[in-house]
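Engineer: Heads up: the protein sequence lines correspond to chains A and B, in order. Read in order, the letters of the first sequence correspond to residues 83 to 192 in my numbering. Read in order, the letters of the second sequence correspond to residues 83 to 192 in my numbering. Where a beta carbon is used, it is the ideal one built from N, C-alpha and C, also for glycine.
Number of protein chains: 2
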Amino acid sequence: MLTPGQPLYQAKAEFFRTLGHPARIRILELLCERDHAVHELLAEIEIEPSNLSQQLGVLRRAGLVLQQREAGEVRYAVALPEVRTLLLSARELLSTLIDDQAGLRAQLQG
Amino acid sequence: MLTPGQPLYQAKAEFFRTLGHPARIRILELLCERDHAVHELLAEIEIEPSNLSQQLGVLRRAGLVLQQREAGEVRYAVALPEVRTLLLSARELLSTLIDDQAGLRAQLQG
DNA sequence: TATAGACATGAAGAAGTCTTCAAGTTGTGA
DNA sequence: TCACAACTTGAAGACTTCTTCATGTCTATA
Numbered sequence: 083m084l085t086p087g088q089p090l091y092q093a094k095a096e097f098f099r100t101l102g103h104p105a106r107i108r109i110l111e112l113l114c115e116r117d118h119a120v121h122e123l124l125a126e127i128e129i130e131p132s133n134l135s136q137q138l139g140v141l142r143r144a145g146l147v148l149q150q151r152e153a154g155e156v157r158y159a160v161a162l163p164e165v166r167t168l169l170l171s172a173r174e175l176l177s178t179l180i181d182d183q184a185g186l187r188a189q190l191q192g
Numbered sequence: 083m084l085t086p087g088q089p090l091y092q093a094k095a096e097f098f099r100t101l102g103h104p105a106r107i108r109i110l111e112l113l114c115e116r117d118h119a120v121h122e123l124l125a126e127i128e129i130e131p132s133n134l135s136q137q138l139g140v141l142r143r144a145g146l147v148l149q150q151r152e153a154g155e156v157r158y159a160v161a162l163p164e165v166r167t168l169l170l171s172a173r174e175l176l177s178t179l180i181d182d183q184a185g186l187r188a189q190l191q192g
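1) Where does the unbroken alpha helix (DSSP H) through Arg-142(B) begin, and where does it stop?
2) For Val-165(A), which residues in chain B fall below 9 Å Cβ to Cβ?
3) Please report the residue range of the beta strand (DSSP E) in which Leu-148(A) lies.
4) So what's His-121(B) in DSSP terms, helix, strand or just coil?
5) For Val-165(A), which residues does DSSP report across the bridge?
6) Short of 7 Å Cβ to Cβ, which residues in the stretch 86-105 of chain A face chain B?
7) So, helix, strand or coil for Glu-111(B), using DSSP?
8) Quick check on DSSP: helix, strand or coil for Glu-155(B)?
9) Compare the C-alpha of Arg-151(B) against each of His-121(B), Val-140(B), Ile-109(B) and name the closest.
10) So if I threshold CB-CB distances at 8 Å, which residues from the stretch 106-125 of chain A count as touching chain B?
11) On the criterion of 16 or more Cβ atoms from any shown chain inside 10 Å, does Ala-125(B) qualify as buried, or is it exposed?
12) Report the CB separation of Leu-148(A) from Ala-161(A) in whole angstroms; it is logged as a contact under 8 Å.
13) For Ala-188(A), which residues in chain B fall below 7 Å Cβ to Cβ?
14) Does the beta-carbon distance from Leu-141(A) to Ile-107(A) come in below 8 Å?
15) In whole angstroms, what separates the C-alpha of Ala-119(B) from that of Val-165(B)?
16) Could you tell me the alpha carbon to alpha carbon distance between Phe-97(A) and Thr-178(B), rounded to whole angstroms?
17) Can you say whether Leu-186(B) is buried or exposed, counting buried as having 16 or more other CB atoms within 10 angstroms of its CB?
18) If we ignore side chains and look at the alpha-carbon of each, how far apart do Gly-172(A) and Arg-99(A) end up?
Next up, the structure:
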């Protein structure tokens, strides 16, 4: 969990593993748009409440999101604006990757 | 492994999991500098040969690196320039994250 | 063609991650 | 104060991923 003194590439790997879950990706994407209460996230993501809490816990412990009580609900927000940049850059890479693979498939089939 | 038809956030999660291993991160970082033969990677990364091959296999199947035989050795290269951008953007985020956490620790301790 | 070097692969036990369940906490309104 | 809503937590079995071992392939060279 980003403990100091460990080699940097270890921390990087750990960080990417934190992003390596569909629910956590969705949460971050939603939080990049605006902050959300837990019940709002629950309405958007198909997942059990306790599972959502677990995933929020993972993101919280990684330092990627912040929690805040407000008027009987718990609101979450991304902790750093850099998260948005990273997700965009991943989307970029992924769409090139998918296009390339579609191209390859087309080439193989025709 | 980036199969078409699955929801996008699933593909994203899978993609990040591919990056979620210290050896694979190191491989990609080295390949972002220049392409390397397997034995060159082996000299840089502390890992058993068969393990390195396994990790290269993961990256290859994900479409992130390309393999090429040449003069009795196998050379690897990153498949897309976008990989470099993404790694930089992750480094950016991670260093902010680490600074923030160091700040928090300092605040808590003194 | 035999041998060696450079890699890749399949399989299996160890280790880590997910999902769910049951139970716990924290505010809020009756 | 009681009860409820909104979340969180710990634990446990199911499921994945890692690492390593033994073996296999490919190429170049003697």
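Structural biologist: According to the structure data:
1) Taken as a continuous stretch (DSSP letters only), the alpha helix (DSSP H) holding Arg-142(B) covers 131-143.
2) Within chain B, the residues Leu-175 have their CB atoms less than 9 Å from the CB of Val-165(A), given in chain order.
3) Taken as a continuous stretch (DSSP letters only), the beta strand (DSSP E) holding Leu-148(A) covers 147-152.
4) Note: His-121(B) maps to helix in three-state DSSP.
5) The partner list for Val-165(A) (beta bridge, DSSP) is empty, contrary to what the question assumes.
6) Correct list: Tyr-91, Gln-92, Ala-93, Lys-94, Ala-95, Phe-97, Phe-98, Arg-99, Leu-101, Gly-102, His-103, Pro-104.
7) DSSP places Glu-111(B) in the helix class (H, G or I) of the three-state scheme.
8) It is a strand residue.
9) Among His-121(B), Val-140(B), Ile-109(B), the Cα nearest to that of Arg-151(B) is on His-121(B).
10) So the list reads Arg-106, Ile-107, Arg-108, Glu-111, given in the order they occur along the chain.
11) Ala-125(B) comes out exposed.
12) Between Leu-148(A) and Ala-161(A) the beta-carbon gap is near 5 Å, inside 8 Å, which marks them as a contact.
13) Per Cβ cutoff of 7 Å: no residues; Ala-188(A) is ~12 Å from chain B at best.
14) Using a Cβ distance threshold of 8 Å, Leu-141(A) and Ile-107(A) do not count as a contacting pair.
15) About 19 Å.
16) Looking at the backbone, the Cα of Phe-97(A) and that of Thr-178(B) are separated by about 13 Å.
17) So Leu-186(B) counts as exposed.
18) Contrary to the premise, residue 172(A) reads as Ala rather than Gly in this sequence. The straight-line gap from Cα to Cα measures roughly 14 Å.
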